[in-house]
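J.: This is the structure I want to talk about, given as structure tokens.
Numbering (UniProt numbering), first residue to last: 1 to 706.
Shown next, in the form of structure tokens:
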């Protein structure tokens, strides 16, 4: 009944049978080995009842698998660090290379000059001391591209070159003869003391040159005498100094550095800057340097570009060494001597001027070969891990943070990164890049977008809160409503967006406020406090914006007739005799910082938030303080119930509607608010067992336990 094609034999052919027995044998061996690992005796295989028996001397579970290999970035970091320590003895010695290069004064007052210029054919020292003779003092070529010049002391035992003498290092190369460059290692020596690292970081971002109402370049001394006392009075515990590294073009805002081992001479002497830092420290103010290691000026006459006559002395050659938008040169972070130069540069600023840390500029440009140009980062991990990432830059940043935090445990490092690189603020030992903070750059852009595009009644409370809180857990952020970027020409300060031309005519406190001034002053305070309290673990303010500085910022250039009119901060607006409402905004900013200093919300986790779109209300709790914001353009509320955290008695700790802040004084700040045992849906839409009633107009309250 079956065809032969359908019939199959019931026995195994010899070859198949052998294979079958071999597989059974392998299965038996695997079973025995598995049971031994599990601690089961092999003889129990014949006894089903004994299958659960385990040797008491062996673990029940399988041995832990070997640890996975370290992440690629961390592995590259450890390899580079190991090579560095093997070749140089230690990173401590490596980062003190500024004590070898440049000009070094010996014990007998002789001077030793050293430079690294591997492509040069000849180097010379010229300056005031030899009437700028470009060939009278040649360097001697050493191995590995190093050059040396020794100058014995004068007959009276004093140094051959006096302090603060102007010097240049002309070189001769195969393609650039007689090119005069300021030696990148030239420096002076001084020392200071440091305050302890702040628990809550409140940063005053400042530019020394514009820190005066006068239409001129201000000085380090002016900043020391006139601005530092204001920073202290305002409650900021940190000042971030921009444009300190020497730069030839004033209008570059200090971001086209020409000499990395020199403080800008246009503001005064090195001693003046050291006195500024020392005075800040005496006031308990931490000082950060806005450091630019992401690129360098393309200048050849006074910069690093073609220092030895070649394209590739400090930078990549070809297109990789050119920033397509900034017109500047890009460092070769894989180069051993570039690594020495930049890491020693960080160490030099920490030691010579006693800075307390750094805000690293242009980190987004460093992280990627595309430099973030025309990129819109969505947060997908493919954007952060791939061939577009510049691993050399990442390893350099990891080394920078590792060395800084190892040598200076209280050192503060902040990354200017708009891309949202994962692990940016994770410690290096945990595979991160090691920064302490990331700038939350999306927040100021959001505020400017809102003010440009939306009417007051169209503001989306939920979207504002989302932007302020959209950050990775455990990644500390510096938040700000506006910085120098928003003040630059082509844009306007928040105050000018809010009140515009009326700031010229209607800011007098002797006349009633117009609707525009009234609304603008109230929103200016609320925007800044909401950003301060909800946006991060640190807060930043650009100088002058604390009192609603009008207009914009524009440095002297051909397009404005080389004018200094907008390259200044008009602190004179705060003169009490002027009777201007700027003093009211200043007072609010000061008390906002002092209130934070008392309760420490920047160092505390936020406990949820609650928004009401219809009422334009935002409520949240942080550091046992209740924040209540009413952004409605016209509605005031009485007996407005909100959920409370800890039960008890609350008092107003900060009221933006107070008269001294330019408000209407509609509330009695001595009023006490008692929680009630009435459940109410509060933060994160969770029911809270206690609630309380408040009443307020267009304002913000900070309610603290009595």
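Think of the CB as a built atom: it goes at the ideal place given N, C-alpha and C, for glycine as much as any other residue. These figures come from a predicted structure and were not determined experimentally.
So within the segment 569-617, which uninterrupted alpha helix (DSSP H) runs reach at least 4 residues, ignoring any that extend past its ends?
T.: Listed in chain order, they are 582-599.
J.: Can you tell me the Cβ-Cβ gap for residue 494 and residue 532, rounded? I've got them flagged as a contact below 8 Å.
T.: Between residue 532 and residue 494 the Cβ distance is about 13 Å, and since that is not below 8 Å, they are no contact.
J.: In its own chain, which residues sit with a C-beta less than 6 Å from the C-beta of residue 359, not counting the 5 before and 5 after it?
T.: Answer for residue 359: 240, 288, 290 and 414, listed in chain order.
J.: Using CA coordinates, which residue listed in 161, 592, 566 and 604 is at the minimum distance from residue 215?
T.: When each option's Cα is compared against that of residue 215, the closest is 566.
J.: Starting from the N-terminal side, write out each stretch of the alpha helix (DSSP H) that is 4 residues or longer and does not extend beyond the segment 242-328.
T.: Entirely contained in the segment 242-328, the alpha helix (DSSP H) runs reaching 4 residues are, in chain order, 270-282.
J.: How many Å lie between residue 544 and residue 572 at the Cα?
T.: Distance between the alpha carbons of residue 544 and residue 572: 11 Å.
J.: Which value, in whole angstroms, describes the spacing of the CA atoms of residue 634 and residue 384?
T.: Between residue 634 and residue 384, the C-alpha separation is close to 45 Å.
J.: Candidates 591, 311, 479 and 165: which alpha carbon is nearest residue 416's?
T.: Nearest C-alpha to residue 416: 479.
J.: Determine the direct distance from the alpha carbon of residue 286 to that of residue 424, and round the result to whole angstroms.
T.: If I take the Cα positions, the gap works out to 23 Å.
J.: Taking only the alpha-carbon atoms, compute the straight-line gap between residue 580 and residue 502 and give it to the nearest angstrom.
T.: If I take the Cα positions, the gap works out to 13 Å.
J.: Just to confirm, is the Cβ distance from residue 365 to residue 293 under 8 Å?
T.: Against a cut-off of 8 Å, the Cβ pair of residue 293 and residue 365 comes out as no contact.
J.: Quick one: what's residue 168 bridged to in DSSP?
T.: 126, per the DSSP bridge assignment.
J.: Beta carbon of residue 483, beta carbon of residue 444: below 8 Å?
T.: A contact, by the Cβ cut-off of 8 Å.
J.: For residue 574, collect the residues of the same chain with a Cβ closer than 7 Å to its Cβ; drop the 5 residues on either side in sequence, then sort them by chain order.
T.: Only 547, 582, 583 and 586 meet the Cβ criterion.
J.: For residue 219, does the three-state DSSP call read helix, strand or coil?
T.: In the structure shown, residue 219 sits in coil (DSSP, three-state: anything other than H, G, I, E or B).
J.: Tell me which same chain residues have a C-beta within less than 6 Å of the C-beta of residue 437, skipping the five on either side of it?
T.: So the list reads 414, 476, 478 and 538, once near-sequence residues are dropped.
J.: Look at the Cβ atom of residue 248, then the Cβ atom of residue 297, and state whether they are nearer than 8 Å.
T.: The answer is yes: Cβ separation under 8 Å.
J.: Could you tell me if residue 245 is buried or exposed, where buried requires 16 or more neighbouring beta carbons within 10 angstroms of its beta carbon?
T.: It is buried - the Cβ of residue 245 has at least 16 other Cβ atoms within 10 Å.
J.: Find the nearest neighbour of residue 377 within the set 340, 463 and 422, judged by alpha-carbon distance.
T.: Looking at the Cα atoms, 422 is the closest of the given residues.
J.: Can you tell me which of 337, 308 and 628 puts its alpha carbon nearest to the alpha carbon of residue 88?
T.: Comparing Cα-Cα distances from residue 88 to each of 337, 308 and 628, the minimum goes to 337.
J.: Within the same chain, show all residues whose beta-carbon is closer than 7 Å to that of residue 694, passing over the 5 residues directly before and after it, in chain order.
T.: Cβ neighbours of residue 694 beyond the five flanking positions: 628, 640, 642, 673 and 701.
J.: First and last residue of the beta strand (DSSP E) that includes residue 413?
T.: 412-415 is the span of the beta strand (DSSP E), which, as asked, contains residue 413.
J.: What ranges does the alpha helix (DSSP H) occupy inside the segment 330-415, keeping only unbroken runs of at least 4 residues that lie completely in it?
T.: Listed in chain order, the complete alpha helix (DSSP H) runs (minimum 4 residues) inside the segment 330-415 are 336-352, 363-367 and 391-407.
J.: Determine, using beta-carbon pairs with one atom in the segment 138-153 and one in the segment 105-119, whether at least three such pairs fall under 8 Å.
T.: Segments in contact, yes.
J.: Hey, how far is the Cα of residue 515 from the Cα of residue 467?
T.: If I take the Cα positions, the gap works out to 28 Å.
J.: Put residue 544 into one of helix, strand or coil per three-state DSSP.
T.: It is coil, neither helix nor strand.
J.: Does DSSP put residue 466 in a helix, a strand or coil?
T.: Looking at residue 466 - three-state DSSP - the assignment turns out to be helix.
J.: Secondary structure at residue 717, three-state DSSP: helix, strand or coil?
T.: A query on residue 717 cannot be resolved here, the shown segment of the chain reaching from 1 to 706 and no further.
J.: Just the Cα atoms here: how many angstroms apart are residue 321 and residue 344?
T.: For residue 321 and residue 344, the distance between alpha carbons rounds to 21 Å.
J.: Would you mind stating whether residue 432 and residue 402 have Cβ atoms separated by less than 8 Å?
T.: No, they are not a contact pair.
J.: So what's residue 104 in DSSP terms, helix, strand or just coil?
T.: It is a strand residue.
J.: Taking DSSP's pairing of strands, which residues face residue 686 in a bridge?
T.: Looking at the DSSP assignment, residue 686 forms no beta bridge with any residue, so it has no partner.
J.: Kindly indicate the opening and closing residues of the beta strand (DSSP E) around residue 148.
T.: First-last of the beta strand (DSSP E) with residue 148: 146-151.
J.: From residue 349 to residue 98, what distance separates their C-alpha atoms?
T.: Looking at the two C-alpha atoms, the distance is approximately 10 Å.
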